[in-house]
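So in our numbering, spot 243 of the sequence shown is number 328, and the numbers just go up one at a time. The beta-carbon is built from N, C-alpha and C at its ideal position, and this holds for glycine as well. Predicted model only: the values in this text are computed from it and were never measured. Take a look at the structure below.
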Amino acid sequence: MSTARAERLVNLVLALLSTRQYLPAERIRGIVPGYADAASTEAFFRMFERDKAELRELGIPLETGTNSAFDPEGYRIARRDYELGDIDLAPDEATAVALAARLWDSPDLTGQAHGALVKLRAAGVEVDDRAHAMVEPRVHTEPAFAPLLAAVQAGETVRFDYRRSDSPERRTRTLEPWGVVSWRGRWYVVGHDRDREAPRCFRLSRISGEVVTTGERAVVRRPEDAKLLDFVAGTSVSDDGSAATTARLWLAEGRATGIRRHAQVLEHRSVDGEDGDVVEIELQHPEGAADWIAGHGPDAVVLAPDVLAKAVADRLERVAAGGGGMR
Numbered sequence: 086m087s088t089a090r091a092e093r094l095v096n097l098v099l100a101l102l103s104t105r106q107y108l109p110a111e112r113i114r115g116i117v118p119g120y121a122d123a124a125s126t127e128a129f130f131r132m133f134e135r136d137k138a139e140l141r142e143l144g145i146p147l148e149t150g151t152n153s154a155f156d157p158e159g160y161r162i163a164r165r166d167y168e169l170g171d172i173d174l175a176p177d178e179a180t181a182v183a184l185a186a187r188l189w190d191s192p193d194l195t196g197q198a199h200g201a202l203v204k205l206r207a208a209g210v211e212v213d214d215r216a217h218a219m220v221e222p223r224v225h226t227e228p229a230f231a232p233l234l235a236a237v238q239a240g241e242t243v244r245f246d247y248r249r250s251d252s253p254e255r256r257t258r259t260l261e262p263w264g265v266v267s268w269r270g271r272w273y274v275v276g277h278d279r280d281r282e283a284p285r286c287f288r289l290s291r292i293s294g295e296v297v298t299t300g301e302r303a304v305v306r307r308p309e310d311a312k313l314l315d316f317v318a319g320t321s322v323s324d325d326g327s328a329a330t331t332a333r334l335w336l337a338e339g340r341a342t343g344i345r346r347h348a349q350v351l352e353h354r355s356v357d358g359e360d361g362d363v364v365e366i367e368l369q370h371p372e373g374a375a376d377w378i379a380g381h382g383p384d385a386v387v388l389a390p391d392v393l394a395k396a397v398a399d400r401l402e403r404v405a406a407g408g409g410g411m412r
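Here you go:
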């Protein structure tokens with residue numbers, strides 16, 4: 086936003102807050118600095134409509150009405166709806182706020198969290214920053230998190246390059262985002278995929294490059310019955326919106342109980358003289374499942390698909406080489 090527009094919006098808010106009556110548009114044009122520069126009446130109204138939309142998107146309660154039956158429609162901001170009410174937090178609640186502000190491992194959100202603490206202190210709330218001395222959790226967000234969240238709030242359609250879990254190829258996707266959610270330690274964006282003309286979810290860690298908007302504002306409408314977490318966690322949908330992956334594994338007899346609990350035995354087979362079973366299992370998140378499978382060591386061997394077998398082998402090789410634990 087330009088400095089001139091920001092100043093004009095501030096002046097508009099001050100003008101609408103300072104009156105109990107509804108100010109008509111023409112009256113606003115005469116008293117709010119910045120509107121007098123409009124080249125014509127039509128240009129002023131276009132500017133004013135954009136500013137009204139901006140204020141509403143910012144959550145400022147802009148009211149419309151008339152002062153009498155003979156007056157034109159006007160605008161005002163009710164002070165009771167605009168002002169922040171008294172903040173009364175107990176010491177433990179204020180400590181929880183400070184701890185929550187330290188959770189975000191993201192440049193964009195860290196700044197916003199710090200700003201929230203400054204506002205609380207300005208309101209007279211004592212915030213204990215020493216909460217992190219007892220515990221220092223972090224919530225890591227992907228670079229795509231902030232622009233996607235902003236697009237959701239603005240109702241904007243976005244475009245980004247995406248890599249599926251079973252292929253290194255990147256494809257451009259156009260999405261009407263409904264929301265960003267966290268599930269099992271991963272961040273996902275859910276929305277309407279224009280390329281497939283169907284609801285889809287995408288894992289943020291597989292988004293490459295920048296998330297760009299298409300220039301369409303306030304066009305995205307989230308269905309009232311959309312349950313984002315249920316959609317992401319659904320058994321028939323994987324993290325890139327496609328069908329879950331079916332994998333075949335060999336499991337040593339009497340071992341890998343955690344995998345067996347979710348698998349179906351297809352046949353009994355010996356490998357290198359050791360008895361075991363070939364099983365089939367449906368994996369919603371194949372890449373994440375690689376850590377889980379590799380954790381069973383030689384008791385679990387992936388037979389298919391190849392991409393999962395390679396992912397598990399890579400993890401085991403890193404451990405054997407002393408390159409650290411599995412991520």
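- The C-beta of Asp357 has fewer than 16 other C-beta atoms within 10 Å across all chains shown, which makes the residue exposed.
- Taking 8 Å as the cut-off, the Cβ atoms of Thr242 and Val305 count as close.
- In the same chain as Glu338, and ignoring 5 residues on each side of it, the C-beta atoms closer than 6 Å to its own belong to Asp360, Gly361, in chain order.
- Beta-carbon to beta-carbon, Trp263 and Ala311 are separated by about 6 Å, close enough to satisfy the 8 Å threshold.
- Less than 8 Å divides the Cβ of Gly119 from the Cβ of Arg93.
- Arg131 carries a helical assignment under DSSP once its states are collapsed to helix, strand and coil.
- Boundaries of the alpha helix (DSSP H) around Asp391: 391-405.
- Closest by C-alpha distance to Ala303, out of Thr151, Leu102, Gln349, Glu139, is Glu139.
- According to the DSSP assignment, Phe230 belongs to the alpha helix (DSSP H) that extends over 230-239.
- For Gln349, the CB contacts under 8 Å within the same chain, skipping 5 residues up- and downstream, are Val364, Glu365, Ile366 in chain order.
- In the structure shown, Ile145 adopts coil according to DSSP, grouped into three states.
- Residue state for Phe155 is assigned as coil, using DSSP reduced to three classes.
- Nearest in C-alpha terms to Arg285, of all of Gly294, Leu314, Leu368, is Leu314.
- Ranked by Cα distance from Leu388, the first of Glu402, Leu351, Arg141 is Leu351.
- For Gly119, there is no enclosing beta strand (DSSP E), as DSSP marks it with neither H nor E.
- The distance from the Cβ of Arg345 to that of Leu336 is about 6 Å, consistent with a contact at the 8 Å cut-off.
- Annotation for Leu336: the continuous beta strand (DSSP E) segment containing it runs 330-337.
- Residue environment: Asp136 is assigned as buried (16 or more neighbouring CB atoms within 10 Å of its CB, all protein chains considered).
- Around the CB of Phe133, 16 or more other CB atoms lie within 10 Å, so the residue is classed as buried.
- Annotation: Arg291 is outside any beta strand (DSSP E) and is labelled neither H nor E by DSSP.
- Counting along the chain, Arg346 sits inside no alpha helix (DSSP H), nor does DSSP assign it H or E at all.
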